[in-house]
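Sequential numbering of the first sequence, starting at 318, is according to our numbering.
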Amino acid sequence: MIPIRFDYATEAGEIVAKWDDAGCNNAEVRPDKKPYTIVIPPPNVTGALHLGHGLNNTLQDILIRTKRMQGFEALWLPGTDHAGIATQAVVERRLKEQENLSRHDIGREALVQRIWDWKDQYEKRILGQLKRMGCSCDWRRLRFTLDETCGAAVRATFFDLFQKDLIYRGKRLVNWDTFLQTAVSNDEVENVTKKGHFYHFRYPVIDPKPGEPEFVEIATTRPETMLGDTAVAVHPDPTAALDKVAADLIEKRRSLSTKEHADVQAQLDALAKRRSEMLPKLEKLRDMAADGRKLMLPLANREIPLVTDVWAKPELGSGCVKITPAHDPNDYEVGKRQSLPMINLLNADGTLNATVPAYQGLTIPQARKQVVEDLEAAGLLGDVEDRDIEMPLSDRSKTAIEPYLADQWFVAMDQLAQSAMDAVSDQRVKIFPTRYRKGYLDWLGEKRDWPVSRQLWWGHRIPIWTATFTSQSEAEQVAEKATALGGPDVVSTKIQAAGDDEGQAAGFDVFVCLRDEESPLEPQIEALGLQRDPDVLDTWFSSALWPHSTLGWPQQTKELEYFYPTSTLCTSRDIITLWVARMVLMGLNNLGEVPFDEVFIHPTILDGNGERMSKSKGNGVDPIDVIDKFGPDSLRFGLARIATETQDVRLPVQYECPHCEKLIDQTKKNRTATTVKCPGCKKTFSTQWAENAADTAHPKAAVVSEKFETSRNFVNKLWNAARFVLMNLEDYQSQPIDVASLPVEDRWLLSRLATVTEQVTAGIEQFKFADVSKVLYDFAWNEFCSFYVEIAKPRLADESQRAMTQNVIAHGLDTLLRLLHPIMPFVTESIWGYLGQLAAERGLEPTAASPFVMTADWPTAVPEHHDETIERQFAEFQEVVGAIRRIRSSQNIPPRETVPVAIRCSPSSQTLLDPMKTYFEALTGADVVAIGPDAQGFATDAPLALPSIDVEVHLDLEKFIDVEAELARLEKLLDQLNKQITGKEAKLSNENFVARAPADVVENERGSLAELVQQRDTVTADIGKLKEKVSSN
RNA sequence: GGGCGUUUGGCUCAGUUGGUUAGAGCACCUCGUUUACACCGAGGGGGUCGGGGGUUCGAGUCCCUCAACGCCCA
């Protein structure tokens, strides 16, 4: 017998085991079936999953389960991402915190081992989370971006791009994380505004001519960088530059309101003043630059040129700008334009190097202080202003990023990016919602070369061996020898003129790229004097290959042939550029085919304060906590129903008090607390931040969201409806269902099932998960439970109707379970099992049910079952039910009492409603004494008109009359009617409306006004009667 | 500075191509424990749709503008 509650805590595990035993999740190459493939966006192994991942994976599972039921060979390929820098950073940080060791203390091998241990631990946890959520991945095909299969794909791709000359090495200014000692991409840098200073310096002019200034003033927020200056720039045409600024301001003023004019005017005035004061000086400097005047760089005692460059802004500061090409992105561009030397001041750890011996070994803050002091001592320091400065911080280590000149490997993006843009432009890849196409195309359109080196130890090591030779012929010889070792199919070489830190020619680099991992050629290459590049590749390089590397590429596997291109990629918008775009271009490069047909971008989950969920903020919710409290189906349904087309959804987060289970809203304040006192039971609980013994002594609160409570209730509702059905199926005998002979309520159910099936099927196809959830919720609760089950009760008690009713209701439940299964796999599977025990054969033409709903066929909407007339008729019935209930309620008629009811309606409605008499009794406790055009009100009458369906409902209040209550009800009604009538009259007396609105709209208004007036007359009369009654008493 | 998005009852969200009285869940109020379900049932109160302007016979829905918030990119 079916238990009274769905015990997900024990049943979910058993169900998963049964699915696993039967291999329900597995997909095979089956040419007779159409494949449907999803590759999971591999969660990174840095940490556990939160609800954002929960949403992402729930939606994928809904898709894959639906397609599986629809007869596709559905493969959901799981895996995780090594997330190079993120994971290494976490492990390094722990190493520092717990053992006070750096990675250099323990060495490359030991660190990598520790990261693998971390990976094993978190991968296990992540997979456990996915499994408990019910994700039906083919676990046999689990991949990891750093495993051998993916590694082979990385090597093959790198080799191919290298051969095509799409990979090159160059010195570039990179964002250097001095803590992790690696370059990080722009995407891993966040800018914060901090208080700082703006220092003014004076650089002496060497041998100024008469009339020329002896000093040039510059200003900087980073004084220590002056040691690496290689020029000072002035604008080549300061007059024109100032004119342009003024013109822009005037243009801006035109579009502003008058009150903002003053502000702009002030700027214009300042500009004019500046023009008169500074322009001659700037022009003088410009001429000095043209004349080749040099400056003496203080402290470093180096001669540097005065140059002209548009980067110098005449409207700012002194109009002159120092140029430090190796340590500032803008200066780097100037340096390239002006062919300036680039002096790298820093060691990899952020201390100053031997370029400036006097400062060698100092950290940046120390050097900054020292430089300022030294300049002051030299009398070259000017004003020091307070100023807010933008400081770039590394996302990973939270330390300051230094622009740093380093050798990096790049992927040339021009052709690759174009191919990925074309694929979206011509709809080979469709992005939903479509608004995300723009960002994708814009980003790729910049075609910025992709720096792929990371100075890390965790990742795919760059498969390049290098040596530098003084002569070109020597380099060529070595390259030829290297190629000869394995042939051009597995060895590719390149020779490039080398440059030192200052951009001076320094011989010839030989680069040798090996195609295969663990190649026996490695020692032979090294024997030629080449050394392997110590760096690893950007994680996204391997992620970009995910849709094909996981299927075995570069091997031409049968899986690759069958399952590629994959069908749908389901991900969040923050990685459209970083990941989606790169998958497209890599798929096209490696296979000549796009990696997927569709990309679905789902919303981001924010907490109740509108902030993105994250473990580090403390507002991350672990899906497991939600599953423990509400069950896996509730988690999934709750997530599916918030998956609208918007870009963010809010999910308020709460602590669940471990003492009294009260949910306490999470606030910015309490979410970082180590302990919280429950406002309910006044006892204290601990949080994820608790560390010391005193805090951890308190039990820890789970972090959940009450959003899932509704879903839990829905699961319970479904369970109980099923329980009702099952309790009435003991003597079930299957029999064919002849639709034409069925009563209205059955045909209504079939009609609704047809409609709902169609809506759900189409909705999932279009990724409208929230709509689908709502349709199913409303149908299951408000139609199947509230009406069909209620109507079935008297029919099941009637022997003549029992058997057929059992067949119809079993079929209805069967269909509902299938439709709900992709969203709520566990509870539907459980009920399916019980249903199978009592009604093994079911359906319109009874057939044996499949052993699992998971492997059952998806329902097909039967268009012939859809019957507009039946649905409209049933709606009339529902309206009448509502009317009777409203009157009962307003009259305070006790629920147990039966009330005589008369229903005045058209002959056609009479035909419909007559057979429903029993159900009025069952649903409203009404004794329908009259029904039809001649039905009359009672002497002690409570009427309610339903003009939209031309029905009047009358209740006999003889036994229950409460004149005051009735008068109150009617007067309120009258009030509403009057308001509506006034509105309509105003509308219809508007000549414009009558003349210009479409005739049918006007006609409608006239019709409904007439009805309202008639209704008002009735109500007024009733009020009159009641008042009479009151006065006569 | 640019792009995208959001702003509808106390909370979280729906609202198709502009057209009768703007919906749902939660919360709230009243009544109810009739064997599917109190994780329930019946009924009810509550919003004029961020501000301003415009188009239109008619706007939550279209246009302009301002503001706030979120995310992304400079």
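Glycine included, each C-beta is placed from N, C-alpha and C at the ideal position.
Out of Val1347, Tyr676 and Val362, which has the shortest C-alpha to C-alpha gap to Ala617?
Looking up residue 617 in the first sequence gives position 300. Answer by Cα proximity: Tyr676.
Three or more beta-carbon pairs under 8 angstroms between the stretch 1221 to 1234 and the stretch 1286 to 1298, yes or no?
no
Once DSSP output is grouped into helix, strand and coil, what is the label at Gly762?
On the first sequence, position 445 is the one that residue 762 refers to. Reduced to three states, the DSSP call for Gly762 is helix.
Whole alpha helix (DSSP H) elements within the stretch 341 to 408, 4-residue minimum:
368 to 386
With a Cβ-Cβ cutoff of 9 angstroms, do Tyr520 and Thr537 count as a contact?
Taking the first sequence and counting its residues from 1, one reaches residue 520 at position 203. Taking the first sequence and counting its residues from 1, one reaches residue 537 at position 220. Not in contact: Tyr520 and Thr537 (Cβ atoms no closer than 9 angstroms).
Assign Val938 to one of three DSSP states: helix, strand, or coil.
Taking the first residue of the first sequence as position 1, residue 938 is located at position 621. In this structure, Val938 counts as coil in the three-state DSSP scheme.
Starting from His625, trace the beta strand (DSSP E) both ways and give me its first and last residue.
Looking up residue 625 in the first sequence gives position 308. A small correction: the amino acid at residue 625 is Thr; His does not occupy that position in the sequence shown. Here the beta strand (DSSP E) through Thr625 covers Arg619 to Thr625.
Inter-residue spacing [alpha-carbon to alpha-carbon] between Phe476 and Ile918:
The residue you call residue 476 lines up with position 159 of the first sequence. The residue you call residue 918 lines up with position 601 of the first sequence. In a straight line, the C-alpha of Phe476 is about 32 angstroms away from that of Ile918.
Can you give the beta carbon distance from Leu845 to Glu839, rounded, assuming they're within the 8 angstroms contact cut?
By one-based count along the first sequence, residue 845 stands at place 528. By one-based count along the first sequence, residue 839 stands at place 522. With a Cβ gap of about 11 angstroms, Leu845 and Glu839 do not count as contacting.
Is the CB-CB distance between Ile332 and Pro1168 below 9 angstroms?
The residue you call residue 332 lines up with position 15 of the first sequence. The residue you call residue 1168 lines up with position 851 of the first sequence. Contact: no.
Apart from the five residues just before and just after Pro1016, which ones in its own chain have a Cβ nearer than 6 angstroms to its Cβ?
Within the first sequence, the letter at position 699 stands for residue 1016. Closer than 6 angstroms at the Cβ level, and outside the excluded window around Pro1016, lie Pro975 and Phe1002.
In angstroms, rounded to a whole number, what distance separates the CA positions of Asn1033 and Gly1300?
To locate residue 1033, count along the first sequence from 1; it is residue 716. To locate residue 1300, count along the first sequence from 1; it is residue 983. Cα-Cα distance, rounded: 45 angstroms.
So is Trp393 buried or exposed if we call it buried at 16+ other beta carbons inside 10 Å?
As a position in the first sequence, residue 393 is number 76, starting the count at 1. It counts as buried.
For a minimum of 4 consecutive residues, which ranges assigned as the alpha helix (DSSP H) are wholly contained in the stretch 835 to 867?
838 to 844, 856 to 860 and 863 to 866
What do you reckon, is the C-beta of Ala1010 under 8 angstroms from a heavy atom of the ligand MN?
The ligand MN is not among the ligands present in this structure, which contains no ligands whatsoever.
Own chain residues within Cβ distance below 7 angstroms of Leu1066, not counting five before or after:
Against the first sequence, residue 1066 aligns to sequence position 749. Within the same chain, Leu1066 has close Cβ partners Tyr1105, Val1125 and Gly1129.
What residue from Leu758, Lys798, Val746 and Leu544 has the CA that sits closest to Ala684's CA?
The residue you call residue 684 lines up with position 367 of the first sequence. Nearest C-alpha to Ala684: Leu544.
From this set, Tyr1236, Thr991, His1182 and Asp1131, which residue's C-alpha is nearest Ser1103's C-alpha?
Your numbering for residue 1103 matches position 786 in the first sequence. Closest by alpha carbon: Tyr1236.
With contact counted as at least three CB pairs below 8 angstroms, one residue from each stretch, are the stretch 418 to 431 and the stretch 441 to 456 in contact?
no
Just to confirm before moving on: does the CB-CB distance between Tyr325 and Val1144 stay below 9 angstroms?
Position 8 of the first sequence, counted from the start, is the residue given in the question as residue 325. Position 827 of the first sequence, counted from the start, is the residue given in the question as residue 1144. Yes, Cβ-Cβ distance for Tyr325 and Val1144 is below 9 angstroms.
Which two residues bound the contiguous beta strand (DSSP E) that contains Phe749?
As a first step, residue 749 is located in the first sequence; it is residue number 432 there, counting from the start. Note, Phe749: beta strand (DSSP E), Lys747 to Phe749.
Nearest to Trp336 by CA position, among Ser1349, Gly1150, Ala1338 and Ala1316, is which residue?
Counted from its first residue, the first sequence places residue 336 at position 19. Checked all of Ser1349, Gly1150, Ala1338 and Ala1316; the closest Cα to Trp336 is Gly1150.
Hey, out of Thr641, Arg654, Gly909 and Val549, whose CA is closest to Met605's CA?
Taking the first residue of the first sequence as 1, we reach residue 605 at position 288. Measuring from the Cα of Met605, the nearest candidate turns out to be Val549.
In the structure shown, what three-state DSSP assignment does Trp767 receive?
The count along the first sequence starts at 1 and reaches residue 767 at position 450. Three-state DSSP puts Trp767 in a strand.
Could you give the DSSP three-state label for Arg752: helix, strand or coil?
Against the first sequence, residue 752 aligns to sequence position 435. Arg752 falls in the coil class under three-state DSSP.
Please state whether the Cβ-Cβ distance between Ile535 and Ser656 is less than 9 angstroms.
The sequence position of residue 535 within the first sequence is 218, counting from 1. The sequence position of residue 656 within the first sequence is 339, counting from 1. No, Cβ-Cβ distance for Ile535 and Ser656 is not below 9 angstroms.
Please work out which residues of its chain come closer than 7 angstroms, Cβ to Cβ, to Tyr1094, disregarding the five sequence neighbours upstream and downstream, and give them in chain order.
In the first sequence, counting from the first residue as 1, residue 1094 sits at position 777. Hits under 7 angstroms: Phe1031.
Identify every run of the alpha helix (DSSP H) within the stretch 456 to 520, keeping only runs that are complete inside it and at least 4 residues long; order them along the chain.
465 to 480
Is the beta carbon of Leu871 sitting closer than 9 angstroms to the one on Gly904?
In the first sequence, counting from the first residue as 1, residue 871 sits at position 554. In the first sequence, counting from the first residue as 1, residue 904 sits at position 587. Per the sequence presented here, residue 871 reads as Pro, with Leu not at that position. Taking 9 angstroms as the Cβ cut-off, Pro871 and Gly904 do not qualify as a contacting pair.
Under 9 angstroms between the Cβ atoms of Ala729 and Asp766?
On the first sequence, position 412 is the one that residue 729 refers to. On the first sequence, position 449 is the one that residue 766 refers to. Yes, they are a contact pair.
Once the 5 residues before and after Ala563 are set aside, which same chain residues still bring their CB inside 7 angstroms of it?
Counted from its first residue, the first sequence places residue 563 at position 246. Closer than 7 angstroms at Cβ, skipping near neighbours: Leu585 and Leu588.
Just to confirm, are Thr783 and Gln848 a CB contact at a threshold of 9 angstroms?
Position 466 of the first sequence, counted from the start, is the residue given in the question as residue 783. Position 531 of the first sequence, counted from the start, is the residue given in the question as residue 848. Yes, the Cβ-Cβ distance between Thr783 and Gln848 is below 9 angstroms.
Am I right that Asn342 and Asp455 are in contact with their C-beta atoms under 8 angstroms? What's the rounded C-beta distance?
Your numbering for residue 342 matches position 25 in the first sequence. Your numbering for residue 455 matches position 138 in the first sequence. 5 angstroms between Cβ atoms; contact.
Could you check how far apart the C-beta atoms of Lys481 and Val362 are, in whole angstroms? I think they sit under 8 angstroms.
Here the question's residue 481 lines up with position 164 in the first sequence. Here the question's residue 362 lines up with position 45 in the first sequence. With a Cβ gap of about 32 angstroms, Lys481 and Val362 do not count as contacting.
3 or more residues per run - each beta strand (DSSP E) lying fully within the stretch 632 to 691
638 to 640
Helix, strand or coil: how does DSSP classify Trp775 here?
Translated into positions along the first sequence, residue 775 becomes position 458. Residue state, collapsed to three classes: coil.
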